[in-house]
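> Below you will find the structure I want to go over with you.
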Amino acid sequence: MTKKYKPLTKKEKAVAAVVTSALVAAPFLISNSYDTVVHASSSASPGSETLDKIGNMVIPLNQSAILFDLKSVYGAGSGGFYVTSSNAGTAFSEPDYTEKGLLKIRPLNAGTATFNVLINKDGYYYVDTFEITVDSALSSSRRFDIADTVKRLVNNPNDYADSSKVKKLLANIGSAKLPGTIEGNHAPTVDSENPFTNRELNKEETINIGKIESFFKDQDGDPLEVIPVANNAFISLIKGSDDNWYLKANGGGDNTQFTLIARDGRGGFVESRTFIVTVKNQKPELKGSNPFSNLNMAVGSQSQLEVDSDLTNYFTDPDFDSITVSFEQNDFVSIWQDGENWYIQATENINSAELTTVVNVTVNDGWGGVLNVPFNVRIYDEFYGENQPPELVNIPFTDYLSKDAIIDLNNYFIDSDEDILHYSIKVMNSNNVVSLEPIGLEGSFLTTNDIPFLGAIREIIASDGESETKVDVEIRRSHANPFPQIQTLYLGSSYIFDLNHVFSSNINFNDTKILVSDSENSESVTASVYEDHYLKLNANQLTSELVVKLLAHDTEVDKWYQDDFILESIPMDDELGIHLPTLYPGSTGDGLWYIYEHTTVEPSDTGAFLTYASGDYVKLQTQSEGTYTVTIDPDHGERVFYIKINR
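Counting in our numbering, the final residue of the sequence shown is number 1025, and the numbers go up one at a time with none missing.
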């Protein structure tokens, strides 16, 4: 919707000028306990129109709350109110009141908060924006009505020629009425003969409290609408078909606090004092002595609790309510049930020699009756304060490392003290002589550069500066390098690699491990082994620098081969076609021609074929639309590309 403005008349311009003068002069002419009326600038969400019904206000910090009747402010047909505060730590609206068409703003701290009221009226959305400033030095609200003052200034300008008369006039400014209030209307009042008293109900009981409209009076005789506001749903206050109101017990829990608001539809309202409704209930009891014994546990240890599988056997409820029993979890212990048994696990780290945590067994009857039965768990760390050596969590299982592969030793060692680990190795030369002194590594990566050409790494040492942890290995250079450093695939294509081509036929490729790392999308490339010895890579999405780790297992001699390579998935240039050197790095001249001779196109009955284009590209030539699969197989099934092309 578009908001339109009509031009101001001469009289309106004159009034505006006088109002502006009065507002500018007011801070100097009236005492500091007053403030000017300032309307909020409005901002709206897309698809909504702005309103300006509630102006900015300054309220004292010690004021309990301010209340508006939103239906009176925004008129008939308004509803669906939603209120936000930009600074709830300064002032906030109570949502229970907003749901009833009331705006209750409660100050918390000195400062300013911007409020947005979203209104649904006659199928359109509107937004009203205003500011609430909470002032800790004020004793009363600062918002004033200057309408009568302005009329006198406009109609009798000569009577207020000097500042003393203007000051006297401004001294008569009164507090502004609340938005939505009709002139001359009297707000309802609470009938002192019908006080709101606290009530107590039995479970599932409903009592008739009569016509609560009679608890209020209205001097003008306006019909009153009474709105109950509750802080929870354990008790309902509902109006029956006989126009009487009923209190109904729905469930147990905290006491339910009720406040009744009577409004007259003309901006007048009154809020009753809060009354409390409770449900009569007796909480569960322990049948005998506490069955949950105090425990002593080492950090990280696990123990079985010596209790029944059905914990309700230890408790009873005087009201015969159905009870539930649960363990309170905390940061130091976790408790769970497995079959017929209950188990407890202590945390791995307590940052002290010992601590004692209290675990509560909570018994609930569903009506607010709660029994907590505590027991203590003492957790101790006998090694606290002593340096812990690095811990070997996995043994490196790679036996043969390809030239571009990396073993990150941080994946195999950890330090419980979170010390920085330094690594060194001992190597064996071609004469099977192991070095006496370890060779330090610059970081945590182990590569073929650290392995003698005809030797091996025989020991890995992890040190935290005070202590060491060692592991015996035998890692050699692999002379089988099945993949180039960077392997490229076209988007939507597949690459088939025969693992028997590089490794021995004794390898059980069902044990082969394929680790694909992609921080952005783990599904960009998928890898799998099929028919026991074929590795298949599918380029599903565009990606770059995706690391693939291939670990193949030779079961005859129980050796593992590791090769790492970077996989890239790229789009195809529709004009140029397939660039053979991209798929087969290092191939030139006759090698590219040989690759070209081993290409086929399917379906073959369309007359489609590949032809050489410029710059070592091959291009699909066809007169028919459809999806074609180009197969490139120069190694007789050992390395095959399947490339899909749409025409």
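Virtual Cβ for every residue (Gly too), placed ideally from N, Cα, C. In this text, all values refer to a predicted model and were calculated from it rather than measured experimentally.
Specify the secondary structure class of histidine 879 as computed by DSSP and reduced to three states.
helix
> Can you give the Cα-Cα distance for tryptophan 971 and leucine 787, rounded to whole angstroms?
44 angstroms
> Using a Cβ-Cβ cut-off of 7 angstroms, state whether phenylalanine 875 counts as contacting chain B.
Absent from the structure is chain B; it holds one protein chain and no more.
> Going along the chain, which unbroken runs of the beta strand (DSSP E) with 3 or more residues stay wholly within the segment 931-964?
937-948
> Per DSSP, phenylalanine 493 is paired with what?
Ser463 and Phe508
> Using 8 angstroms as the Cβ pair cut-off and three pairs as the minimum, do the segment 904-919 and the segment 809-826 touch?
no
> Mapping DSSP to helix, strand and coil, what is tyrosine 762?
coil
> Should arginine 1017 go down as buried or exposed, given a rule of 16 or more other Cβ atoms within 10 Å for buried?
The residue in question, arginine 1017, is buried, as its Cβ has 16 or more Cβ neighbours within 10 Å.
> Taking asparagine 580 as the reference, which of Val655, Pro606 and Arg641 has the closest Cα?
Val655
> Apart from the five residues just before and just after isoleucine 773, which ones in its own chain have a Cβ nearer than 8 angstroms to its Cβ?
Tyr790, Val849 and Val851
> If you draw a straight line from the C-alpha of alanine 840 to the C-alpha of glutamate 846, how long is it?
Alanine 840 and glutamate 846: Cα-Cα distance of roughly 6 angstroms.
> Contact defined as beta carbons within less than 8 angstroms: I believe isoleucine 757 pairs with glutamate 732. What is the distance between those atoms, to the nearest angstrom?
6 angstroms
> Please look up how many angstroms separate the CB atoms of tyrosine 974 and valine 1008, rounded, as I've assumed it's under 8 angstroms.
Not confirmed; about 11 angstroms, so no contact.
> Look up glutamate 591 in the DSSP assignment and say whether it is helix, strand or coil.
helix
> Out of curiosity, what's the CA-to-CA distance linking tyrosine 1020 and histidine 857?
28 angstroms
> Does isoleucine 728 come out as helix, strand or coil in the three-state DSSP assignment?
Under the three-state reduction of DSSP, isoleucine 728 is assigned to coil, being neither helix nor strand.
> Would tyrosine 692 and lysine 665 be called neighbours here (beta carbons separated by less than 7 angstroms)?
yes
> Per DSSP, which one or two residues make a beta bridge with glutamate 716?
Note that residue 716 is aspartate in the sequence shown here, rather than glutamate. For aspartate 716, which the question treats as bridged, DSSP gives the partners Asn719.
> Have a look at proline 566 and phenylalanine 470 and give me their C-alpha separation to the nearest angstrom.
26 angstroms
> Check for me: the alpha helix (DSSP H) holding leucine 448 runs from which residue to which?
According to the DSSP assignment, leucine 448 belongs to the alpha helix (DSSP H) that extends over 448-452.
> Give every residue of the same chain whose Cβ lies closer than 6 angstroms to the Cβ of histidine 976, excluding the five residues on either side of it in the sequence, and list them in chain order.
Asp1011 and Pro1012
> Could you check what DSSP says for isoleucine 773 in three-state terms: helix, strand or coil?
coil
> Start and end of the beta strand (DSSP E) containing leucine 867?
864-868
> Any chance the segment 864-884 sits against the segment 907-921, with 3 or more Cβ pairs inside 8 angstroms?
yes
> Throw me the rounded Cβ distance for the serine 922 and glutamate 946 pair, which I believe falls under 8 angstroms.
5 angstroms
> In terms of residue numbering, what span does the alpha helix (DSSP H) encompassing aspartate 968 cover?
968-975
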